[in-house]
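Participant: In this note's numbering, the protein residues as written are 1 to 137. Beta carbons: idealized from backbone N, C-alpha and C, even for Gly. Here it is: the structure, laid out below.
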């Protein structure tokens, strides 16, 4: 067996992941698996920050379609998070870069961020502005 799980058609022909857990066969929807990851990430962040986290921004691959983005939103409900926004991963990288460079930047700079992944090529363009309250992402 290549993978330690099977994928089967569940209710309504929805894909379900079948795993062995503590000697029992369990079935999970993709949203449930994603929610487990979100819960664990929240626990790690809460331990690091020493505070409760109720809100989050979640990133998804740029190629995610509407159904995959909706499944991600459903996962956050299962995880008990208030997701403020779902953004593309290359956009998140661009924002992080912009926030890091803004502190040391003088004047206005245009930055091109690209993510050349396995089978994808995503590009984000942003403007880093000196001072002011607004951002151009």
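Cβ of residue 112 within 9 Å of Cβ of residue 99?
Facilitator: Translated into positions along the chain shown, residue 112 becomes position 112. Translated into positions along the chain shown, residue 99 becomes position 99. No, they are not a contact pair.
Participant: Answer with buried or exposed for residue 35, where buried requires no fewer than 16 other C-beta atoms within 10 angstroms of its C-beta.
Facilitator: By 1-based counting over the chain shown, the position of residue 35 is 35. Residue 35 comes out buried.
Participant: Sorted by chain position, which residues of the same chain lie with C-beta nearer than 8 Å to residue 90's C-beta, five sequence neighbours on each side aside?
Facilitator: Sequence index remark: in the chain shown, residue 90 carries index 90 (1-based). Here the set comprises 62, 113, 114, 115, 122, 123, 124.
Participant: Report the CB separation of residue 31 from residue 71 in whole angstroms; it is logged as a contact under 8 Å.
Facilitator: What you label residue 31 is simply residue 31 of the chain shown in a count that begins at 1. What you label residue 71 is simply residue 71 of the chain shown in a count that begins at 1. With 8 Å as the limit, residue 31 and residue 71 qualify as a contact, their Cβ atoms being about 5 Å apart.
Participant: Ends of the alpha helix (DSSP H) at residue 39?
Facilitator: Taking the first residue of the chain shown as position 1, residue 39 is located at position 39. Here the alpha helix (DSSP H) through residue 39 covers 30 to 49.
Participant: Can you tell me which of the three DSSP states residue 127 falls into?
Facilitator: Numbered from 1 along the chain shown, position 127 holds the residue referred to as residue 127. Here residue 127 sits in strand by DSSP.
Participant: Here's a check: name, in chain order, each residue in its chain whose Cβ is nearer than 7 Å to the Cβ of residue 33, leaving out the five neighbours to either side.
Facilitator: Translated into positions along the chain shown, residue 33 becomes position 33. If we look at residue 33 and ignore the five residues flanking it on each side, its Cβ neighbours are 17.
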